[in-house]
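Reading the sequence shown from the start, the letters are residues -16 to 815 in my numbering. Using N, Cα and C, we set each Cβ at its ideal position, and we do this for glycine too.
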Amino acid sequence: MGSSFWMVFAGLCVLHMFTEGTEKVCLGTDKQLTSIGDPNHHYNLLKNLYTNCTYVDGNLELVAIEGTGRDLSFVKDIREVTGYVLIALSDISYIPLKNLRIIRGKNLYHGSALSVKFNYNKNIPTLGLRELRFNSLTEILKGNVTFFNNPQLCYENTIDWKGDILANGYYVISDTKDKARICEPCPASCNGNCWGSREEDCQSFTRRRGLGPGYCSEQCDYRCKGPNPQDCCHKQCAVGCIGPLATDCLACLHYNNSGKCEEHCPPPFFYDTDLFQTVTNPDAKYTYGSLCVDECPSHLLQEEENCVKTCRKGNTDNGQRVCEKCVGACPKKCTGFQKYQFAGYMTINEAILRNFTNCTIIEGSLVITKQAFEGDLWAGFGPMSPSELSVFSTVEEITGYLQIEGQHEDFTDLSMFRNLKIIQGRELYNQYSLVIYQTSLESLGLTSLQQVNNGKVNIQKNRDLCYNVEDVVWNRILKNPAEQERQINRNKKKTKCVVEGRTCSDQCNSDGCWGFEASQCIKCANCEATTHYSDNRNTDNSQQVSEKCVGACPKKCAGFQKNQFAGYMTINEAILRNFTNCTIIEGSLVITKQAFEGDLWAGFGPMSPSELSVFSTVEEITGYLQIEGQHKDFTDLSMFRNLKIIQGRELYNQYSLVIYQTSLESLGLTSLQQVNNGKVNIRKNRDLCYNVDDAVWNRILKNPAEQERQINRNKKKTKCVAEGRTCSDQCDSDGCWGFEASQCIKCANFELDGTCVESCEATTHYSDNKQCRPCDPQCDGMCNGPGSDNCTRCLNVKDGPFCKERCPPMKYPDRNNQCQLCHESCVAPDSR
Ligand SMILES: *[C@@H]1O[C@H](CO)[C@@H](O)[C@H](O)[C@H]1NC(C)=O
Ligand SMILES: *[C@@H]1O[C@H](CO)[C@@H](O)[C@H](O)[C@H]1NC(C)=O
Ligand SMILES: *[C@@H]1O[C@H](CO)[C@@H](O)[C@H](O)[C@H]1NC(C)=O
Ligand SMILES: *[C@@H]1O[C@H](CO)[C@@H](O)[C@H](O)[C@H]1NC(C)=O
Ligand SMILES: *[C@@H]1O[C@H](CO)[C@@H](O)[C@H](O)[C@H]1NC(C)=O
Ligand SMILES: *[C@@H]1O[C@H](CO)[C@@H](O)[C@H](O)[C@H]1NC(C)=O
Ligand SMILES: *[C@@H]1O[C@H](CO)[C@@H](O)[C@H](O)[C@H]1NC(C)=O
Ligand SMILES: *[C@@H]1O[C@H](CO)[C@@H](O)[C@H](O)[C@H]1NC(C)=O
């Protein structure tokens, strides 16, 4: 017996029934012939499911009900089944489905809407299903009827299935096995068609055409309640009726709108013939099975005017149980570590990494231990580089826990989890939902983390970890700060971090930061803008404004968009000043050759490319950036050197970045980090060299697979090389935005203040993990570490190994400026 069966089944018990008008709707099952386990338990589950139920949404499966004296009267109220009815492996004599009128057959069981099989007792041959007694059943809208191996069953072959019950094109499939008992004829009053042996068990007819009792008038649309033309049912009736109206049906052929059978549920919009326009319909309803409902039941989602189990492709649950078109890629759920999954592995590793491609929600947990980086040949996986963990950059939610251990020289931050917003903590590791333990991390980089909803937090023994967010921030992130204990200690000493300059940007306020960049502040120091503000108790979902901490507050300016700058086709000298000090352009920016040539007809004169420097404060463009035009001084886009994000919420012919037929020699977009939507077109720039590598575009583009790149017909690479117009040899293979060593994507050797250098030693810096860091101010020139004891020479005096401004009391500097202890008997001279 599968344990999952009980979980699912038990789950249904909790919310199996709800009311829609006078219908008691309950959810059917989808287990087919799965073995059931303890018969008493099974019986009680079914009883819970179907007591008082009139409308089964799904399949009615009465399987493996054994034992004399089982009372199945709890199915007696069922009138409609939207899926199939399966009666199997049971030995009860009668199943009291006496009110079952219609089986809609939206799901079929091996082609059948009604399947009755193996209903006997192997030990007591006289036990088994004896009569169907489905006296009310008159309609099966789709699907066959199957009987197989029911040795005690009688009368099913007397029913006129084809004539009155089955839909066109469907059949009764009956085995030819001999019955174990002799079937008596139907009661005389039944004219040979009966559901059982009692007088009341005659089959009643509501569809057959002909003359006389038991037949409908030829004039009827579909069903009737008697032989005369006035007995015809409304054409929207299934089953039969008690009168001629659409409100008199026993069941609806299509939809039941509060008791009236209709072809469609009231739509969300209708056409107002007086107003000549489409107006919203205040009486709109959603279709749920054959019911029209005001609201979809809570286990379903609303998609347009329907209630659905899952959104169709391209749509996703917006969080309010409404399917909406996905913005970008649809969320993808992936199974993480949990019982039974990845059971053979103790850590994420190179063998299973690809299973997490494009995942947005991890159902389960994620575990990274040092074995990930070292490999474990015994467990069957090799070592992996931390950079491969970037597969997790799409993850926004983990339903279990996140556990991270392990050291590697390139494992210095968790930027692969930069989009992780929520850790649910529905599964815990030793009570913890977030563990970052004994890693080589220098900063956390969890810039999107907003909620840890359950479980404790453990961030310990990370010897290089600086840049922490403050307690107040954890208090906002944790759902129950009082219960969710934090153990954040034994990381790098704060004083040491300070000495090494590993502190938050001075653009951050006192809440701290996730890393050294100003963009990793929790909140800005100098303005109201927030960067990575989180508050787990904020209910309105309006947080997470992502604005940058620059000196001045961000200034939003309208760019080109509908209704703005409508008279102009390009940025030009007449409107240039409108962009002074802007950090965010709401809309697009367009520069064409008219900008440089002027267009007197449109009312603006020519402008020099240098005037475009007004854009040097721009960090974000919400629409697109389109650049064309040639001018001898227009050789790079350094005016956009601070542009970080192109959102592409508006596109120009599907493009969000167009650089076409310009005189540019290099791009110079050194800050560009994200192009979130739209294609990229960089073509026919005859002088353009210095391009960044494909790998870099793959990082910049949010969905590289969708955001097509057309980067070609620029200056031939061979020509660039011949002319020496290549990236600095201080750049690594990722390429560059221009010829300067400060325009590399990454450094081949060391980085000093944003520029790639051969070595740090020639300067007043020392090297630390490819970064040049400043020597202590007491050093005179070079050093081999951050401390005042790592100087090659002291600026002033040396006290023991430490360079100091002056010798301490009771010491004096000797001829070599080394501090020496004064003789006991002397009063120290005012040292130095
Ligand atoms: C079923 O309906 C009866 C009569 O309305 C009611 O007394 C009983 O509590 C209901 N049982 C369940 C399980 O809803
Ligand atoms: C119904 O039964 C007929 C006859 O056996 C068969 O040809 C047909 O495929 C069945 N229909 C379905 C939906 O399985
Ligand atoms: C339609 O639904 C109502 C409850 O909304 C119910 O009372 C009625 O019996 C249903 N009618 C039919 C024909 O199913
Ligand atoms: C991982 O993906 C491979 C194929 O890509 C699949 O065969 C395997 O079952 C997956 N493993 C798990 C545990 O999902
Ligand atoms: C540009 O700025 C001028 C004043 O500096 C203003 O009058 C004009 O409306 C602005 N144009 C647009 C389109 O914002
Ligand atoms: C632009 O910013 C500078 C420095 O903050 C300020 O002095 C100047 O007045 C601003 N200009 C405009 C037009 O906002
Ligand atoms: C990941 O997403 C991209 C872009 O949507 C798609 O092209 C690619 O096939 C996806 N890969 C996997 C393994 O799902
Ligand atoms: C800095 O100096 C201290 C003490 O002399 C020494 O232990 C440490 O290794 C030095 N650091 C480097 C990077 O050499």
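Range of the contiguous beta strand (DSSP E) that encloses residue i
{"i": "D597", "result": "For the record, residue 597 in the displayed sequence is Val; it is not Asp. Unbroken run through V597: none, as it is neither H nor E."}
{"i": "K7", "result": "E6 to L10"}
{"i": "C220", "result": "C220 to C224"}
{"i": "Q470", "result": "R469 to N472"}
{"i": "K827", "result": "The chain is shown from -16 up to 815; residue 827 falls before or after that span and cannot be answered."}
{"i": "K81", "result": "Per DSSP, K81 belongs to no beta strand (DSSP E) and is neither H nor E."}
Where residue i falls, given that 16 or more other Cβ within 10 Å makes a residue buried
{"i": "I879", "result": "In the structure displayed, the chain extends from -16 to 815; residue 879 sits before or after that span and is not available."}
{"i": "Q354", "result": "buried"}
{"i": "E114", "result": "buried"}
{"i": "N441", "result": "buried"}
{"i": "I574", "result": "buried"}
{"i": "Q213", "result": "exposed"}
{"i": "Q693", "result": "exposed"}
{"i": "F252", "result": "exposed"}
{"i": "S416", "result": "buried"}
{"i": "G195", "result": "exposed"}
{"i": "D21", "result": "exposed"}
{"i": "W457", "result": "buried"}
{"i": "S525", "result": "The predicted model places S525 with a pLDDT of 38, which falls under 50 and marks its position as unreliable, so this point remains unresolved."}
{"i": "H217", "result": "buried"}
{"i": "T422", "result": "buried"}
{"i": "F259", "result": "exposed"}
{"i": "Q186", "result": "buried"}
Residue i in three-state terms, based on DSSP
{"i": "G146", "result": "helix"}
{"i": "R756", "result": "strand"}
{"i": "E744", "result": "coil"}
{"i": "E357", "result": "helix"}
{"i": "R815", "result": "Its pLDDT being 39, under 50, R815 is placed unreliably by the model, and the measurement read from it follows with that caveat. Coil."}
{"i": "E530", "result": "Any reading at E530 must be qualified, since the residue scores a pLDDT of 47, below 50, and its modelled position is unreliable; the value itself is stated next. Coil."}
{"i": "S56", "result": "helix"}
{"i": "P784", "result": "coil"}
{"i": "F617", "result": "coil"}
{"i": "N289", "result": "strand"}
{"i": "A47", "result": "coil"}
{"i": "K89", "result": "coil"}
{"i": "L69", "result": "strand"}
{"i": "L559", "result": "helix"}
{"i": "L804", "result": "strand"}
{"i": "A501", "result": "helix"}
{"i": "L233", "result": "strand"}
{"i": "G339", "result": "Here the sequence assigns Phe to residue 339, which means Gly is not the residue at that position. It is helical."}
{"i": "V374", "result": "helix"}
{"i": "F131", "result": "strand"}
Bounding residues of the alpha helix (DSSP H) (the contiguous stretch that carries residue i)
{"i": "L32", "result": "P22 to Y33"}
{"i": "C480", "result": "K477 to V482"}
{"i": "V456", "result": "D454 to I460"}
{"i": "A541", "result": "Taken as a continuous stretch (DSSP letters only), A541 belongs to no alpha helix (DSSP H), being part of the beta strand (DSSP E) at K539 to A541."}
Below-8 Å beta-carbon distance, residue i vs any chain B residue
{"i": "Y67", "result": "Any reference to chain B falls outside this structure, which holds one protein chain only."}
Pairing CB atoms from the stretch 141 to 160 with CB atoms from the stretch 105 to 114, are three or more of them under 8 Å? no
Ranges of the beta strand (DSSP E) found wholly within the stretch 141 to 206, counting only runs of at least 3: 155 to 157
Are three or more beta carbon pairs between the stretch 201 to 214 and the stretch 130 to 141 nearer than 8 Å? no
For the pair the stretch 625 to 645 and the stretch 590 to 609, tell me if three or more CB-CB distances fall below 8 Å. yes
Are the stretch 7 to 23 and the stretch 244 to 252 touching, with three or more C-beta to C-beta distances below 8 Å? no
Would you list, in sequence order, the uninterrupted alpha helix (DSSP H) runs of no fewer than 4 residues that lie entirely inside the stretch 681 to 735? 700 to 705
Which runs of the beta strand (DSSP E) at least 3 residues long sit entirely within the stretch 604 to 662? Give them in chain order. 608 to 612 and 638 to 645
Give a yes or no on contact between the stretch 373 to 380 and the stretch 394 to 412, applying the rule of three or more CB pairs nearer than 8 Å. yes
Every unbroken beta strand (DSSP E) within the stretch 377 to 437, with a cutoff of 3 residues, ordered by chain: 385 to 389 and 415 to 422
Answer yes if the stretch 724 to 733 comes into contact with the stretch 752 to 761, meaning at least three C-beta pairs across the two stretches below 8 Å, and no otherwise. yes
Decide yes or no for the touch test of the stretch 157 to 164 against the stretch 172 to 180: beta carbon pairs closer than 8 Å, at least 3 of them. no
Quick check: the stretch 38 to 46 against the stretch 60 to 68, are at least 3 beta-carbon pairs closer than 8 Å? yes
Are three or more beta carbon pairs between the stretch 72 to 84 and the stretch 112 to 126 nearer than 8 Å? yes
At what residue ranges does the stretch 245 to 272 contain a whole run of the beta strand (DSSP E), taking only runs of 3 or more? 252 to 255, 260 to 263 and 269 to 271
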